[in-house]
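Q:
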Amino acid sequence: MRACAIIPAYNAAQSVGDVARSVLEIWPARDAVLVVDDGSRDGTADIARKAGARVLSHPHNRGKGAALRTGMASARVAGFDACVTLDADGQHPASEALKLLTADPDPGAFVLGIRDLKAAGAPRANQVSNQISNLFLSLFSGLRLHDTQCGLRRYPLAHNLDLAARDDGFAFEAEVILRAARAGVRMVEVPIRVVYPPERERVTHFDSVRDPARIVSRVLKTLVLTRVPGARLFVRDAGLRRASSSPPANAEIGRRAEP
-15 MRACAIIPAY NAAQSVGDVA RSVLEIWPAR DAVLVVDDGS RDGTADIARK
35 AGARVLSHPH NRGKGAALRT GMASARVAGF DACVTLDADG QHPASEALKL
85 LTADPDPGAF VLGIRDLKAA GAPRANQVSN QISNLFLSLF SGLRLHDTQC
135 GLRRYPLAHN LDLAARDDGF AFEAEVILRA ARAGVRMVEV PIRVVYPPER
185 ERVTHFDSVR DPARIVSRVL KTLVLTRVPG ARLFVRDAGL RRASSSPPAN
235 AEIGRRAEP
């Protein structure tokens, strides 16, 4: 499996360099680490480039979903089978990205990182919005989903999930999960460790009120757009599996979640 790392970044000058360097140190191929600068005005692109990453830039801010789509399009052209995405703010240690890379040998698997937000000290508003999103997406996908807002994931590029998704913002990540479930893509959950800096040092572009509302709106639109005559609302055979915290290499992992 050929996989690259994609780091969407917007005004992340204070952290993107360290994030890129940490991934470059452990990634199997140094030319497979890509930062997508989403119209930053603080020198994010230059810092990422100096750190050694490949950089693609949007001329103006388009949203996280658009940045991910740009990165995946580039990865697909370059011949990669999968991509691991992680946030530019440093909350995802590079070791956890590598864990997702090796969690399942099937390049067609959609691997989702799941966090323990309470233990990690995440803001209460983030915990609540994630719980609501989890319940909502679990209801309409027919799967037990434990973290639908985590940016640390491994996307299977052959399924073209990003091409079908329409949202350019944070709701892209929720929309892709629903589209994957409805398409029968096998999904794997992997517990990961996250690092949240002290509140005064946190930089986030996620609005805990506006963005969850957009997620709900996008999910409802996706349900309408993907509905075909005779299709079931609940896709119970999409194959969600839960990986252990230390999955064995080259082995089938986890267990099928009960509907």
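Under our numbering, the first residue of the sequence shown carries the number -15, and numbering increases by one thereafter.
Even glycine gets a Cβ: it sits at the ideal position worked out from N, Cα and C.
1. In three-state terms, what does DSSP make of Phe94?
2. Shortest alpha-carbon distance to Arg33 belongs to which of Asp15, Asp90 and Gln111?
3. To which residues of the same chain is Ile(-10) closer than 6 Å at the C-beta, ignoring the five residues directly before and after it?
4. Cys(-12) to Thr86, Cα distance in whole Å?
5. Return helix, strand or coil for Glu185, following the three-state DSSP convention.
6. Mind checking Ala13: buried by the 16 CB within 10 Å criterion, or exposed?
7. Starting from the C-beta of Glu9, find all residues in its chain whose C-beta is less than 8 Å away, skip the five residues before and the five after it, and write them out in chain order.
8. Relative to the C-alpha of Ile161, which candidate in Gly135, Val179, Pro175 and Arg177 has its C-alpha closest?
9. With a 10 Å radius around its C-beta and 16 neighbouring C-beta atoms as the bar for buried, classify Ser96 as buried or exposed.
10. Kindly indicate the opening and closing residues of the beta strand (DSSP E) around Leu40.
11. Let me confirm a value: Pro(-8) is counted as buried when at least 16 other C-beta atoms fall within 10 Å, else exposed. Which label applies?
12. Distance check for Asp2 and Asp22, CA to CA, integer angstroms please.
13. Helix, strand or coil for Arg108, going by three-state DSSP, please let me know.
14. Along the beta strand (DSSP E) that carries Arg138, what are the first and last residues, could you check?
15. Is Gly168 buried or exposed, if buried means 16 or more other CB atoms sit within 10 Å of its CB?
16. Which ranges would you report for the beta strand (DSSP E) in the region 146 to 180 if only whole runs of at least 3 residues count?
17. Is DSSP giving Thr132 helix, strand or coil here?
18. Would you decide whether Val61 is buried or exposed? Buried here means 16 or more other CB atoms lie within 10 Å of its CB.
19. Closest to Val179 by C-alpha separation, out of Ser122, Ala4 and Glu80, would be which residue?
20. First and last residue of the beta strand (DSSP E) that includes Asp22?
21. Kindly list the residues whose CB is nearer than 6 Å to the CB of Val20, restricted to its own chain and excluding five residues on each side of it in sequence; keep chain order.
22. Drop a sphere of 10 angstroms on the beta-carbon of Arg216, count the other beta-carbons inside from all chains shown, and report buried for 16 or more, exposed for fewer.
23. In chain order, which beta strand (DSSP E) runs of at least 3 residues are fully inside the region 24 to 93?
24. Exposed or buried, Asn144, counting other C-beta atoms within 10 Å across all chains shown (16 or more means buried)?
25. Helix, strand or coil, according to DSSP, for Ala103 in the structure here?
26. Judging by CA-CA distance, which residue of Phe156, Met171, Val0 and Asp146 is the nearest neighbour of His76?
A: If we stick to the structure as given:
1. In the sequence shown, residue 94 corresponds to position 110, counting from 1. Of the three classes helix, strand and coil, the one that applies to Phe94 here is strand, per DSSP.
2. Position 49 of the sequence shown, counting from 1, holds the residue named residue 33. For Arg33, the closest of Asp15, Asp90 and Gln111 by C-alpha to C-alpha distance is Asp15.
3. Counting from 1 along the sequence shown, the entry for residue -10 is found at position 6. Answer for Ile(-10): Leu18, Gly55, Cys67 and Thr69, listed in chain order.
4. Taking the sequence shown and counting its residues from 1, the one referred to as residue -12 is at position 4. Taking the sequence shown and counting its residues from 1, the one referred to as residue 86 is at position 102. Pairing Cys(-12) with Thr86, the inter-Cα distance amounts to about 12 Å.
5. Taking the sequence shown and counting its residues from 1, one reaches residue 185 at position 201. With a pLDDT of only 48 at Glu185, under 50, the local geometry of the prediction cannot be trusted, and the value read off the model is given with reservation. Correct three-state label for Glu185: helix.
6. By one-based count along the sequence shown, residue 13 stands at place 29. Residue burial annotation: Ala13 is exposed, with fewer than 16 other C-beta atoms found within 10 angstroms of its C-beta.
7. Counting from one through the sequence shown, the residue named residue 9 turns up at place 25. Same-chain partners within the cutoff: Ala78.
8. As a working note, residue 161 is residue 177 in the sequence shown. Among Gly135, Val179, Pro175 and Arg177, the Cα nearest to that of Ile161 is on Gly135.
9. Counting from 1 along the sequence shown, the entry for residue 96 is found at position 112. In the sequence on display, residue 96 carries Leu and not Ser. Buried, by the Cβ-count rule.
10. The residue labelled residue 40 in the question sits at position 56 within the sequence shown. For Leu40, the enclosing beta strand (DSSP E) covers residues Arg38 to His42.
11. Position 8 of the sequence shown holds residue -8. Buried, because 16 or more other Cβ atoms sit within 10 Å of the Cβ of Pro(-8).
12. To locate residue 22, count along the sequence shown from 1; it is residue 38. To locate residue 2, count along the sequence shown from 1; it is residue 18. One C-alpha to the other measures close to 18 Å.
13. Within the sequence shown, residue 108 is the residue found at index 124, counting from 1. Helix at Arg108.
14. Here residue 138 refers to the residue found at position 154 of the sequence shown. First-last of the beta strand (DSSP E) with Arg138: Arg137 to Pro140.
15. Numbered from 1 along the sequence shown, position 184 holds the residue referred to as residue 168. Gly168 should be labelled exposed.
16. Fully enclosed beta strand (DSSP E) runs of 3 or longer: 171 to 175.
17. Stepping through the sequence shown from its first residue, residue 132 is reached at position 148. Residue state, collapsed to three classes: coil.
18. By 1-based counting over the sequence shown, the position of residue 61 is 77. Around the C-beta of Val61, fewer than 16 other C-beta atoms lie within 10 Å, and the residue is accordingly described as exposed.
19. In the sequence shown, residue 179 corresponds to position 195, counting from 1. Selection Ser122, Ala4 and Glu80 evaluated against Val179 yields Glu80 as nearest (Cα-Cα).
20. On the sequence shown, position 38 is the one that residue 22 refers to. Going by DSSP, Asp22 is part of the beta strand (DSSP E) stretching over Val17 to Asp22.
21. Locating residue 20 in the sequence shown gives position 36, where the first residue counts as 1. So the qualifying residues of the chain are Pro(-8), Leu40, Ala51, Thr54 and Gly55.
22. To locate residue 216, count along the sequence shown from 1; it is residue 232. Caution is warranted here: a pLDDT of 35 is assigned to Arg216, below 50, making its placement in the model unreliable, and no coordinate value can be reported.
23. Segments of the beta strand (DSSP E) lying fully in the region 24 to 93: 38 to 42 and 66 to 69.
24. Locating residue 144 in the sequence shown gives position 160, where the first residue counts as 1. Asn144 counts as exposed, since fewer than 16 other C-beta atoms from the protein chains shown sit within 10 angstroms of its C-beta.
25. By 1-based counting over the sequence shown, the position of residue 103 is 119. Here Ala103 sits in helix by DSSP.
26. In the sequence shown, counting from the first residue as 1, residue 76 sits at position 92. A check of alpha carbon separations from His76 across Phe156, Met171, Val0 and Asp146 identifies Val0 as the nearest.
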